[in-house]
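What follows is one structure encoded as structure tokens, with my remarks underneath.
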Amino acid sequence: MLFLVGIFGVLLLSSLRFSSDYKEGVLSVDTTGRLEGVLVFVVILSHIAMSDYRLGIGSSSSMLVHVGALGRLAVSVFFFISGYGLLKQLQARKNAYIAQFVRHRIMPFMLSYFISALVYYGYYKVLSSIRLADALKSLINGNPFIVNSWFMEILLILYFIFYLSGKICRSHISSTVLLVVTGNIVVFLLFYLNSYPHNWYNTVLCFSLGILWALYEPLLGKVMRSKSLYIGTIIFLLVLFLFLFLSRRLEAISSLLFAAIVIMISYTFTFKNSFWKKTKHIGLEMYLYHGLFISLFRGKYLFINNTFIFGASIFLATFLTALVINKLTKLFLSVVQRHAA
Numbered sequence: 001m002l003f004l005v006g007i008f009g010v011l012l013l014s015s016l017r018f019s020s021d022y023k024e025g026v027l028s029v030d031t032t033g034r035l036e037g038v039l040v041f042v043v044i045l046s047h048i049a050m051s052d053y054r055l056g057i058g059s060s061s062s063m064l065v066h067v068g069a070l071g072r073l074a075v076s077v078f079f080f081i082s083g084y085g086l087l088k089q090l091q092a093r094k095n096a097y098i099a100q101f102v103r104h105r106i107m108p109f110m111l112s113y114f115i116s117a118l119v120y121y122g123y124y125k126v127l128s129s130i131r132l133a134d135a136l137k138s139l140i141n142g143n144p145f146i147v148n149s150w151f152m153e154i155l156l157i158l159y160f161i162f163y164l165s166g167k168i169c170r171s172h173i174s175s176t177v178l179l180v181v182t183g184n185i186v187v188f189l190l191f192y193l194n195s196y197p198h199n200w201y202n203t204v205l206c207f208s209l210g211i212l213w214a215l216y217e218p219l220l221g222k223v224m225r226s227k228s229l230y231i232g233t234i235i236f237l238l239v240l241f242l243f244l245f246l247s248r249r250l251e252a253i254s255s256l257l258f259a260a261i262v263i264m265i266s267y268t269f270t271f272k273n274s275f276w277k278k279t280k281h282i283g284l285e286m287y288l289y290h291g292l293f294i295s296l297f298r299g300k301y302l303f304i305n306n307t308f309i310f311g312a313s314i315f316l317a318t319f320l321t322a323l324v325i326n327k328l329t330k331l332f333l334s335v336v337q338r339h340a341a
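With UniProt numbering, letter number 93 in the sequence shown gets 93, and the count goes up by one each step, no holes.
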């Protein structure tokens, strides 16, 4: 595991460059896009670590647990970027964005999820046994049969909240933000009070943080132009985050802090590597299918014990599968939309 983490760390550091976003006071699409590409790999790496931990393979349990926790933190930044990006688009395009939101955002998302459901269902049918009723029930009981897809389910809920808020408020920014944040808090409370697994709610509020950050970015930009205040804020948030993270208390708060720290640093540093941008474009598929290969490569008929070979196999298989399915999904959508036009 340590070798995999080391290789990933070298790739990150070698692609790290200064960003012009600090001067502009706005996060660019390239910055957030490449960051999303990096985060996909962090999530997969964390799930590889947790596979080792559950099976008692390789590195010390303490290291594996900490690498595994990076998945939660990566998802917190994913939620932030999702909220941030949606509000930025709404600010730029107003009613036109909401009018096309279902067609251009929700439908492709749901199609990708539906395709993954068919793939996973076929996989379980061939290698084990699963009833359709049980598969459908799993989508609402907190343990979806599409491995690790809780994130996709929550994001879909948040998309609908954003869309309905925009429709109700006729794209009025402040009113839309108020409704979205309220809806986000309700989602958090519903999952928490109904005793869903903690990962269903401990990062979800980062979506609202991204929404609010986009709303108040002009003000935040002025604050961050003071270098001493900018650096001091990052250090303060980092110390607070480490205290909460190491004590394993208040995961929802530590997730918010981590997302804020990463985003603040992203105004100054970015990943100048086209590979991360490429990964962003197939990130949804990589997220959906890496769990399938973790299950397959350490399953009943095939078991890869060596962590490096296991991890490399997962990254390669996931990347190639994501490329193919992403292209097929886009082709299908283009045909449907062309006939619907």
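For each residue, glycine too, the CB sits at the ideal point set by N, CA and C.
Secondary structure of residue i, DSSP reduced to three states
i	result
Leu292	helix
Phe310	helix
Thr268	coil
Arg105	helix
Gln298	According to the sequence shown, residue 298 is Arg rather than Gln. It is a strand residue.
Phe145	coil
Ser112	helix
Leu139	coil
Ser274	helix
residue 410	This structure gives no information on residue 410, because the portion of the chain shown stretches from 1 to 341.
Val197	Per the sequence shown, residue 197 should be read as Pro rather than Val. Coil.
Ile130	coil
Ile282	coil
Asn326	helix
Thr321	helix
Thr233	helix
Identity of the residues DSSP links to residue i by a beta bridge
i	result
Phe79	Phe79 is not bridged to any residue.
Phe303	Arg298
Phe18	Phe269
Segment limits, beta strand (DSSP E) that includes residue i
i	result
Arg249	Where Arg249 is concerned, there is no enclosing beta strand (DSSP E), given that its DSSP letter is neither H nor E.
Between the CA atoms of residue j and residue i - distance to the nearest angstrom
i	j	result
Met224	Leu12	25 Å
residue 349	Arg72	Beyond the ends of the chain as shown, which are 1 and 341, falls residue 349; an answer cannot be given.
Arg17	Gly9	14 Å
Gly232	Ile263	15 Å
Phe79	Gly58	31 Å
Glu251	Asn199	9 Å
Phe103	Leu55	Contrary to the premise, residue 103 reads as Arg rather than Phe in this sequence. So the alpha carbons of these two residues sit roughly 43 Å apart.
Leu136	Ile106	20 Å
Ile294	Asn305	12 Å
Lys23	Val29	15 Å
Ile130	Glu153	21 Å
Phe310	Asn148	18 Å
Phe151	Leu179	21 Å
Tyr120	Ser128	11 Å
Thr270	Ile261	14 Å
Gly183	Lys272	36 Å
Leu90	Ile98	7 Å
Gln337	Ile168	26 Å
Gly283	Phe41	9 Å
Arg93	Ser165	15 Å
Val126	Lys300	12 Å
Ser334	Leu156	21 Å
Start and end residues, alpha helix (DSSP H) containing residue i
i	result
Phe8	2–15
Cys206	206–215
Lys23	21–24
Gly183	173–193
Thr31	29–55
Gly58	It is not in any alpha helix (DSSP H) - Gly58 carries neither H nor E in the DSSP assignment.
Asn95	95–99
Ile157	150–168
8 Å Cβ cutoff, residue i in contact with chain B
i	result
Ile314	Among the protein chains of the structure shown there is no chain B, as only one such chain exists.
Proximity test, residue i beta-carbon vs the ligand FAD heavy atom, cut-off 7 Å
i	result
His198	Of ligands this structure carries none, so the ligand FAD is not represented either.
Measuring CB atoms only, is the stretch 210–228 touching the stretch 82–98, in the sense that at least three cross pairs come out at less than 8 Å? Flag = yes, the stretch 210–228 and the stretch 82–98 touch.
Take every Cβ of the stretch 251–264, pair it with every Cβ of the stretch 198–213, and state whether three or more of those distances are shorter than 8 Å. Remark: three or more beta-carbon pairs, one from each stretch, lie closer than 8 Å, so the stretch 251–264 and the stretch 198–213 are flagged as touching.
Do the stretch 276–287 and the stretch 18–35 meet, that is, are 3 or more Cβ pairs less than 8 Å apart? Output reads yes: the stretch 18–35 touches the stretch 276–287.
If you pair each beta-carbon of the stretch 221–235 with each one of the stretch 158–177, do three or more pairs fall below 8 Å? Result no; under three Cβ-Cβ pairs closer than 8 Å.
Three or more beta-carbon pairs under 8 Å between the stretch 322–339 and the stretch 109–116, yes or no? In short, these stretches touch, since the Cβ pair count reaches three.
Touch test, the stretch 190–199 against the stretch 236–244, Cβ-Cβ under 8 Å, three pairs minimum: Judged by Cβ distances under 8 Å, the stretch 190–199 makes no contact with the stretch 236–244, as fewer than three pairs qualify.
Does the count of Cβ pairs from the stretch 45–60 and the stretch 288–297 closer than 8 Å reach three? Under the Cβ criterion (8 Å, minimum of three pairs), the stretch 45–60 counts as touching the stretch 288–297.
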